[in-house]
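J.: Residue numbers (the numbering used here): 137 to 430.
The beta carbon of each residue, even a glycine, is placed where N, CA and C say it ideally should be.
Got a structure for you, written out below as structure tokens; questions coming shortly.
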């Protein structure tokens, strides 16, 4: 206990010494500037011919004004009421993703209002954008929905399979598919009939290999196919697909032959040279070398 008290007292003395030292330094500094001011005043009065030591020389005016910081309203998180360049960037992404009418006539005006909030929700984003979400949204160039829909229509009309695949590869998700398909169905007709993007593309190409390649693109986007119809409730991103014709083992004694480019289901685990996967609640085995991931 005594040792602790002694240390505290010693520490207190140290603080006093430090404060006294700072006081002396401050006094010396002020004294120096005071002397300088006095010498300057005396010199000025002498030059002016006034022998009086009581002349007052006002200190020089500060002609420098500190500009006020511009009011910013686009700090994170961006939300309803935010305004600025960052908001405009988000709006430009939404227009590229949803189409030029996504935000109405105002377009990308940098003002986060009700239409921007509604567009964010429609595009699958939160209605409040933090810095991480902003970086993800604005990274790279957005897709031009209308131009992509037109590109797909043109490829379908002239049976340009390579062009069709190239355009389909621009669609990265189910959300991309939905927005482009809506534009495709609204503005174009295949055989005089308005069709979804899936039906329009598959009905335009008759070669089975080409159809299979187009189906693969829709599966990659996340669409599901039950053998009869397509739906937006697609497969998990860890789904596997055959690279070549191979065997799928239903049980240790029974195997079925499946063609290349067939979506098998969701991977569960790998066992030796085989991959265990699940499809509609049932489990199967397939040679790992004959599959890849979507």
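#1: Is the beta carbon of residue 321 sitting closer than 9 Å to the one on residue 264?
#2: Could you check what DSSP says for residue 406 in three-state terms: helix, strand or coil?
#3: What is the rounded straight-line gap between the Cα of residue 417 and the Cα of residue 352?
#4: Count the other C-beta atoms from every protein chain shown that fall within 10 angstroms of the C-beta of residue 222, then say buried if there are 16 or more, exposed otherwise.
#5: If you check the beta carbons only, do residue 212 and residue 270 fall under 9 Å apart?
#6: Please list the segments of the alpha helix (DSSP H) lying wholly inside the segment 217 to 268, counting only runs of 4 or more residues, in order along the chain.
#7: Mind checking residue 428: buried by the 16 CB within 10 Å criterion, or exposed?
#8: Taking the beta carbon of residue 329 as the centre, do at least 16 other beta carbons fall within 10 Å, making it buried, or is it exposed?
#9: Looking at C-beta atoms only, is the number of pairs between the segment 294 to 304 and the segment 343 to 361 that lie closer than 8 Å three or more?
#10: Out of 333, 393, 378 and 385, state which residue places its alpha-carbon closest to the alpha-carbon of residue 366.
#11: Is the Cβ-Cβ distance between residue 292 and residue 337 less than 9 Å?
#12: Leaving out five residues on either side along the sequence, give the residues of the same chain with a beta carbon under 6 Å from the beta carbon of residue 210.
#13: Just to confirm, is the Cβ distance from residue 420 to residue 386 under 9 Å?
#14: State buried or exposed for residue 425, treating a residue as buried only when at least 16 other CB atoms are found within 10 Å of its CB.
#15: Can you name the residues that DSSP bridges to residue 386?
#16: Run through the DSSP bridge pairs and tell me what residue 393 is partnered with.
#17: What is the C-beta distance between residue 376 and residue 411, in whole angstroms, given that I count them as a contact (C-beta under 8 Å)?
T.: Once the coordinates are examined:
#1: no
#2: Three-state DSSP puts residue 406 in a strand.
#3: Between residue 417 and residue 352, the C-alpha separation is close to 22 Å.
#4: Residue 222 comes out buried.
#5: yes
#6: 221 to 234 and 250 to 258
#7: exposed
#8: Using a 10 angstroms sphere on the CB of residue 329, the tally of other CB atoms stays under 16, which defines it as exposed.
#9: Result yes; three or more Cβ-Cβ pairs closer than 8 Å.
#10: 333
#11: yes
#12: 218, 220, 222 and 223
#13: Between residue 420 and residue 386, the CB-CB gap stays under 9 Å.
#14: exposed
#15: Note: residue 386 sits in no beta bridge, so no partner.
#16: 383
#17: About 7 Å separates the two Cβ atoms, so the contact holds.
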